[in-house]
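Last residue of the sequence shown: 653 (full-length UniProt numbering), numbering continuous. Every residue gets a Cβ at the ideal spot worked out from N, C-alpha and C, and that includes glycine. Quick caveat, the model's predicted, so the values are computed rather than measured.
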Amino acid sequence: SASSKSSSAESAMTKEEMKRYDGTDFTWSSDLEQHLKDSFQLDKFRPLQLRAINLTLAGRDLFLVMPTGRGKSLCYQLPAVCSEGFTLVVTPLVSLMEDQTMYLKSIDVSAVMLNASSSKENTKAAMAGMTDPNSPIKLIYVTPEKIAKSKMLMSRLEKAYKANLLSRIAVDEVHCCSQWGHDFRPDYKLLGILKRQFPKVPLLGLTATATSSVLKDCEKILCVKQPITLTASFNRTNLYYEVRIKDADHDVSINDIASLIKGKYKDQSGIVYVFSQKDAESVSAELQKREISAYPYHSNMDPSDKSRVHRKWASNKIQVVVATVAFGMGIDKADVRFVIHHTISKSIENYYQESGRAGRDDHPADCIVYFGFADIFRISTMVVMENVGQQKLLQMVEYCQNVDRCRRSLMAVHFDEVWDDEGCDQMCDTCRNAQDYPNVDITLHAKQVVQILELATSMDEKLTPLKLVEAWTGKGPAKRRKMIQTTTMPRQQAEAVIVRLLLQGYLREDFSFTPYTTYFYVKLGRKAPLLKTPTHTLKMKMRAPEAGPAVVKAASGQGKSKEPKRSGQSAGDAPVRQVSKDASAPKASE
Ligand code: ADP
Ligand code: MG
Ligand code: ZN
């Protein structure tokens, strides 16, 4: 079972004391057990749920940090049912409220909501229920705006408080309080009034995304003194993580995805994430051509079409949704067996969230991402306006380019956690394959690339990544080919080297804006001058090329055969040649 991480706030309580809250010898314990089974129809708690529930029932203020889909809601819904009076739940989005009240209705738990669009009768009933000791209402969902703006609501809450009917306050998505978080909402800043007016009511803040500094900030804003913080591990042990190199030929990756879906994932439910609305349409059409029941989902579709696709997929009438990231909020399908990324995500955090929609039922599921060279730059121009957009994207690229470190360990650092190889247990491609990749000396390659860029600059030309690869692999314009040293490396390896140089700062991005689009050009990075130092060397672990023939062919002309898997001898040794003299060089494509 997942472990919990201790935090500074937790140290207010000893480990022994904390352990007690995992127990079932409280006055409310049998009541909990019964409602878990009868009302919520669940057979057991997930890690940390019982501890959180016992702590809040014991009257402690609590911050609960748990990955999305792990079951934070139960930690206030179940206590609500087991307490006198009602629980006030602050939620940022009306759609989340609707989902929850609908669900609670279906299990016969009385819940109401108050938001800008609530009807008069609805509001009246909710307001009356707050101060009625015989009211069946157990949960009242409100938006933060309501708290900030409705004096009527505050006066009712005050009456309820005095009558001991306000049993608990839950603040969902509590990170919205903090400006340091990624999702700040101004009205959350005013929620401190709750704890100031109702100091005896235990508060429970819930989030999937707060760092400790954000939590500290939330603590201040909400006026809670020394809450206990419980943090569940973000390690999803049932998910298998894999990266596949995406071929420049579009059909190759589609065929690969189709054969997975028709083979390994036959009759199983899944999601294919794509980059754009256009891709959602085209990839789903391609999959349909291959007899897969796949439908697009993106934000530009009719709301009714969207909800139909969602519904049919949820009830297994559609096997695959081919979606942009618009498909996410409110998706709670337990048996998603695969999440395939046709294009990399814009950050590791995003990838974790998106891929995390797989395997919510705790059974094994696969998360596969197709890593394509050109996609890096498509996303790069998309996130160009975001402050740390490039940095986050490059971390995702680093995750994908990595060939020998546990994928989990690379993810874990983004959650301030350490998941070692044991925490992975062969549930990622690098741990499972345990390949010994050669550490290739790419100094010479780097110098060639720099030379090409210097030449371009001297000719007052800018190169896109694609043009750079073409020039370097001898496919550029003839006049340039005569002036540079081209490479015999297969295209995928040439691309890998360029990505490496970008990641390490030998190259960097150079954006150019037109009224219609943003262009990505490659420029020399801050470390490029180091390559002029004779002693400076540069190495990288490299995947063996997928298809042998390209390498064999390239190498045969030099009378040297390759054994890519033996270290020390690999593409890095490929001799430099003047492509213009090589008869097999492709014709200039421009
Ligand atoms: P979160 O708010 O943490 O993202 P939710 O509270 O929405 O997650 O719960 C996600 C899903 O997990 C729901 O379908 C819920 O019914 C289910 N769930 C919660 N607790 C348990 C449990 N103990 N056992 C099985 N399923 C659970
Ligand atoms: Mg939630
Ligand atoms: Zn691993």
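- DSSP, read as helix, strand or coil, puts A357 in strand.
- In this structure, the CA atom of A519 is about 14 angstroms from the CA atom of K510.
- With at least 16 other beta carbons inside 10 angstroms of its own, P359 counts as buried.
- For G255, same chain residues with a beta-carbon under 7 angstroms away, outside a window of 5 residues either side, are I284, L285 and C286 in chain order.
- Annotation for K586: R571 and D573 place their beta carbon closer than 6 angstroms to its own, counting only its chain and skipping 5 residues before and after.
- Judged by beta-carbon spacing, G148 lies beyond the 9 angstroms limit of L220, meaning their Cβ atoms are not closer than that value.
- Between V335 and Q464, the gap from beta carbon to beta carbon reaches 9 angstroms or more.
- Judged by beta-carbon spacing, Q416 lies beyond the 9 angstroms limit of T206, meaning their Cβ atoms are not closer than that value.
- Looking at the backbone, the Cα of L167 and that of G452 are separated by about 39 angstroms.
- Contact between the segment 487-495 and the segment 296-303 is established, with three or more Cβ pairs separated by less than 8 angstroms.
- Boundaries of the beta strand (DSSP E) around Y303: L302 to I308.
- Taking a C-beta distance under 9 angstroms as the contact criterion, S418 and H404 qualify as a contact pair.
- Judged by DSSP in its simplified three-state form, M603 adopts strand.
- T150 and A143 do touch by the CB rule: their CB atoms are close to 4 angstroms apart, below 8 angstroms.
- Your pair I515 and A534 checks out as a contact, with CB atoms roughly 5 angstroms apart and the cut at 8 angstroms.
- For A189, no pairing in a beta bridge is given by DSSP.
- Within the same chain, and ignoring the five residues on either side of Y328 in sequence, the residues whose Cβ sits closer than 7 angstroms to its Cβ are R400 and F401.
- Cβ contact annotation for R353 (same chain, cutoff 6 angstroms, sequence separation greater than five): A321, in chain order.
- Contact between L111 and L267 does not hold, since the beta-carbon distance rounds to 13 angstroms and is not under 8 angstroms.
- Between A295 and L95, the C-beta spacing is not below 9 angstroms.
- In the DSSP assignment, F583 forms a beta bridge with F574.
- L594 and G435 have their C-alpha atoms roughly 27 angstroms apart.
- Straight-line spacing of the CA atoms in D424 and L137 works out to 16 angstroms.
- For R83, the enclosing alpha helix (DSSP H) stretches over residues K78 to R83.
- Cβ-Cβ distances below 7 angstroms link L118 to Y84, L125 and I291 in the same chain, with the five nearest sequence neighbours on each side left out; the list follows chain order.
- Counting only residues of its own chain and dropping the five nearest sequence neighbours on each side, K455 has a CB closer than 6 angstroms to the CB of S410.
- In its chain, beyond the 5 residues on either side, R219 and A223 have a beta carbon closer than 6 angstroms to the beta carbon of M193.
- Remark: the shortest separation between the CB of G568 and any heavy atom of the ligand ADP does not fall under 8 angstroms.
- Exclusion of the five residues before and after D235 leaves T154 and L269 as the residues of its chain whose Cβ lies within less than 6 angstroms of its Cβ.
- Under DSSP, T270 forms a beta bridge with V128.
- Ranked by how close their Cα comes to the Cα of S92, the residues L120, P199 and N413 have L120 in first place.
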